[in-house]
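Asks: Numbering (my numbering), first residue to last: 87 to 249.
Glycine included, C-beta positions come from ideal geometry on N, C-alpha and C.
A quick note: this is a predicted structure, and the numbers were derived from the prediction, not measured.
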């Protein structure tokens, strides 16, 4: 027996799991980001490397969850609400730009943690830049999530006759 309301449209049921997964991964990423930021001033490369590696892994997972869960759902045409599609069209270029920033950060640090070819001095500036980009991204994602979670106008529940 399904715990999903039978009157909910398929698109609405399909969109909730990716949202919850995105929010879970985002929370993990933000926790690790804050742990890294709390290590300032950066002076122990070895101690920072382990946390930085975990942060990069979680950040990439979060980004993949957003793109392959949430945005692909919209791109495939599974979402039909005009407001969601219009907002997605407006915010997606900025989301893609933050994805590029994430990839660059990951390439700069995760790829070189083992060989030590990265700079503590540059890490602080790069984390700050990444934090600003992520703040913008999260604000846009939250707008999109809010619309995706909003009740659909004209859903089966709305069309039931009242007695």
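1. Measuring only the C-alpha atoms, how far is residue 108 from residue 145?
2. Given this structure, state the Cα-to-Cα distance separating residue 205 from residue 168, to the nearest angstrom.
3. Between residue 170 and residue 181, what straight-line distance do the alpha-carbon atoms span, to the nearest angstrom?
4. Can you tell me where the alpha helix (DSSP H) holding residue 237 begins and where it ends?
5. Please determine if the stretch 190 to 200 and the stretch 226 to 239 are in contact, where contact requires at least 3 C-beta pairs separated by less than 8 Å.
6. Note the first and the last residue of the continuous alpha helix (DSSP H) segment covering residue 252.
7. Looking at residue 178 and residue 138, is the spacing between their C-beta atoms short of 7 Å?
8. How would you call residue 221, buried or exposed, if buried means at least 16 neighbouring beta carbons within 10 angstroms?
9. Taking only three categories from DSSP, how would you classify residue 155?
10. Can you grab the Cα-Cα spacing for the pair residue 209 / residue 121, in whole Å?
11. With H, G and I counted as helix, E and B as strand and the rest as coil, what does DSSP make of residue 199?
12. Are the CB atoms of residue 155 and residue 104 within a distance shorter than 7 Å?
Replies: So, from the data block:
1. In the chain shown, the residue the question calls residue 108 occupies position 22. In the chain shown, the residue the question calls residue 145 occupies position 59. Cα to Cα, residue 108 sits roughly 11 Å from residue 145.
2. As a first step, residue 205 must be located in the chain shown, where it is residue number 119. As a first step, residue 168 must be located in the chain shown, where it is residue number 82. Cα to Cα, residue 205 sits roughly 46 Å from residue 168.
3. The count along the chain shown starts at 1 and reaches residue 170 at position 84. The count along the chain shown starts at 1 and reaches residue 181 at position 95. Each residue's Cα considered, the two are about 15 Å apart.
4. Working through the chain shown from its first residue, we reach residue 237 at position 151. No alpha helix (DSSP H) holds residue 237; DSSP gives it neither H nor E.
5. no
6. The question about residue 252 has no answer here: the residues shown for the chain are numbered 87 through 249.
7. Indexing the chain shown from 1 puts residue 138 at position 52. Indexing the chain shown from 1 puts residue 178 at position 92. Contact flag unset, no.
8. As a first step, residue 221 must be located in the chain shown, where it is residue number 135. By the C-beta density criterion, residue 221 is exposed, having fewer than 16 other C-beta atoms within 10 angstroms.
9. Here residue 155 refers to the residue found at position 69 of the chain shown. Reduced to three states, the DSSP call for residue 155 is helix.
10. In the chain shown, residue 209 corresponds to position 123, counting from 1. In the chain shown, residue 121 corresponds to position 35, counting from 1. Rounded to whole angstroms, residue 209 to residue 121 spans 14 Å at the Cα level.
11. By 1-based counting over the chain shown, the position of residue 199 is 113. Residue 199: coil per DSSP, three-state reduction.
12. Taking the first residue of the chain shown as 1, we reach residue 104 at position 18. Taking the first residue of the chain shown as 1, we reach residue 155 at position 69. Contact flag set, yes.
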